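Residue numbers (the working numbering): 3 to 398.
Reviewing the structure listed below.
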Ligand code: AMP
C-alpha cells in the first residue's frame, strides 16, 4: 500500500486520530478516524473506517490510569491489525500554541519540543497534552518524521490593532498578543468556502467555531483579521468549561479579596466556568438543551448572547459581513443555538430560513437574505494531513 499519514490531536483526556492515504494529485483520502476518551482514568476508544465499519479499542481493565503512551500503543495496535503500521510515512500533530516563533508547520526535533514546553503557561489546558502526544508518537514511530501544525498560525495576519492589547508596547514586543486559536479549523473552512461560494469567500466572512472550545473569527479574502480568543484560549465566548471574556478586575478581586492563588484562579477560569460552571450540570450542550433547569437555560442564553455580541463586534473589524459560517459540534448540530444567535439580526442583513436551519442544511439563510449563512462541517485532521505531507516531503 502507498504512504499513510497519521494525524493526532492530543487533549487532556482524549486522543483523537485519523489515518489518511496519500493520493497522487488529490487531497489525502481518509481511511479511518477514531478517538480514545478517558485518558488519565480507565479509557475507552473506538475507530470508524471510511466505509463506516466501527470497532472498539479496548484497554486492560486492571489499568487504573491510561496515559497518552498507552493510548498511542492502542492506536499502533489498530494500525497493525489494519495493515497500515509499516506504511506510516509521517505523523502530524495538532499543537494549540506556537507562540511568537512557531508559525508554519514544522518538523519536530528537540529544539521544537523545548520551545513548546516553554509555551505551557500560555495554554495549560492543551500544550502539555500536545507534547505528551508528540512524545508518545515519537516512541511508537522513532524513525518517522513528526510534524507540528499550530492553531495560532492562521491568525498571524491580524493587523496590529487586532493583535495587541492596550498595554505598553513592550508587552506586545515580548509576545503578549492576541494569538487566536482554532486556526486549523478556520483554514479548512475558508478553503472549503472558496470551493462552495468563491465570490463570497473573497469578501468579509465571520466564522463561528462552536465546540467544547469556542471562538469566532473575521476573515477577509480568506485571511484572518480579528478573533475572539486572545493571548490564551480563555478569551471571547464562554465555552464548555472556560469563562470566556472576563473583566480583568474580577481576577484582581479573586486574588485580593478571596485570597485565591494562581492555581485556584486558573482552575476556576479554565475548568469550572462556562456552560459547566454556570449550569452546575454539564459542559455538554446536548445535555443542557434537554435539561429543564433554569441554570442550564441561563448558561445557554449567556453563550448565545456572547455569540451575538461577537458577531456584531467582528463585523466592525471588517466591512460588515457577506457571510456567516457555523462549524464544530454545536455550530454544526444545534439548530436551537443558531436560531437564537441569529434571531432578529435582520439589521445585519441576516434573514434566517427557519426550516433550513432546523434541517441543518448547508445554507440556512433565506434566498433574499443579503448575508448568506452556511453550516460547514470542519475537518482539522485533513488540514494537519496536508501540512504534514508538505512539510515532511512525503510523496505518493
Ligand atoms: P466539539 O468540541 O466540536 O466536538 O463539540 C462538542 C460540543 O458539541 C458539545 O458541547 C456537544 O454537546 C455539542 N454537540 C454535539 N452534537 C450536538 C447536537 N446534536 N446538538 C447540540 N449540541 C451538540
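By construction, the Cβ of each residue, glycine as well, lies at the ideal position given by its N, Cα and C atoms.
The structure displayed is predicted, hence computed values, not measured ones.
Taking 7 Å as the cut-off, one finds at least one heavy atom of ligand 1 near enough to the beta carbon of residue 287. CA-to-CA, the gap between residue 320 and residue 313 works out to about 11 Å.
Counting C-beta atoms within 10 angstroms of its own C-beta, residue 170 has fewer than 16 neighbours from the protein chains shown and is therefore classed as exposed. Per the coordinates, the alpha-carbon of residue 341 lies some 12 Å from the alpha-carbon of residue 303. Residue 3 sits exposed, since fewer than 16 C-beta atoms from the chains shown fall within 10 Å of its C-beta. Assignment of residue 169 by DSSP, reduced to helix, strand and coil, places it in the coil class.
Look at residue 214: its beta carbon is less than 7 Å from one of the heavy atoms in ligand 1. According to DSSP, residue pairing for residue 96 in a beta bridge involves 151.
The DSSP assignment places 70-84 as complete runs of the alpha helix (DSSP H) inside the stretch 50-105, in order along the chain (cut-off: 4 residues). The continuous beta strand (DSSP E) containing residue 206 extends over residues 206-212. Contiguous alpha helix (DSSP H) elements confined to the stretch 274-321 occur at 276-281, 287-292, 296-317, taking only those with 4 or more residues. With respect to residue 6, residue 94 sits apart: the two C-beta atoms are not nearer than 8 Å. Fewer than three beta-carbon pairs drawn from the stretch 246-254 and the stretch 94-107 are found closer than 8 Å, and the two stretches are therefore not classed as touching.
Rounded to the nearest angstrom, the Cβ distance from residue 167 to residue 217 is 17 Å, too far for a contact under 8 Å. Residue 223 has its alpha-carbon roughly 18 Å from the corresponding atom of residue 165.
Per DSSP, reduced to three states, the secondary structure at residue 14 is coil, with no helix or strand assignment. The beta strand (DSSP E) runs lying completely inside the stretch 353-391 and spanning 3 residues or more are 374-377, given in chain order.
When DSSP states are grouped into helix, strand and coil, residue 35 belongs to the strand group.
Counting along the chain, no alpha helix (DSSP H) covers residue 220; the unbroken beta strand (DSSP E) around it starts and ends at 216-222.
Sequence-distant Cβ neighbours of residue 125 in its own chain, meaning closer than 7 Å and more than five residues away, are 98, 99, 234, 235.
Ranking 285, 197, 119 by CA distance to the CA of residue 240 puts 285 first. Residue 244 and residue 278 have their C-alpha atoms spaced approximately 8 Å apart.
In the three-state scheme derived from DSSP, where H, G and I count as helix and E and B as strand, residue 145 is classed as coil. With a cut-off of 7 Å, the C-beta of residue 291 is classified as near ligand 1, since at least one heavy atom of the ligand falls inside that distance.
When secondary structure is reduced to three states using DSSP, residue 124 falls in the helix class. Taking the Cα of residue 352 as reference, the smallest distance to any Cα among 395, 371, 153, 343 is reached at 371. Taking a C-beta distance under 8 Å as the contact criterion, residue 81 and residue 75 do not qualify as a contact pair. Take residue 154, set aside five residues on each side of it, and the residues of its chain with a beta-carbon closer than 7 Å to its own are 99, 100, 181, 182, 183, 185, in chain order. The residue from 195, 225, 339 with its alpha-carbon nearest to that of residue 365 is 195. Remark: C-beta atoms of residue 237 and residue 220 do not approach each other more closely than 8 Å. For residue 326, the beta-bridge partners assigned by DSSP are 208, 375. Shown here for residue 375: same chain residues with a beta carbon closer than 6 Å to its own, the five before and five after excluded, namely 326, 366, 367 in chain order. Going by DSSP, residue 227 is part of the beta strand (DSSP E) stretching over 225-229.
Per DSSP, the unbroken alpha helix (DSSP H) holding residue 196 starts and ends at 185-198. Annotation for residue 158: 105 place their beta carbon closer than 6 Å to its own, counting only its chain and skipping 5 residues before and after. Per DSSP, the unbroken alpha helix (DSSP H) holding residue 254 starts and ends at 250-258.
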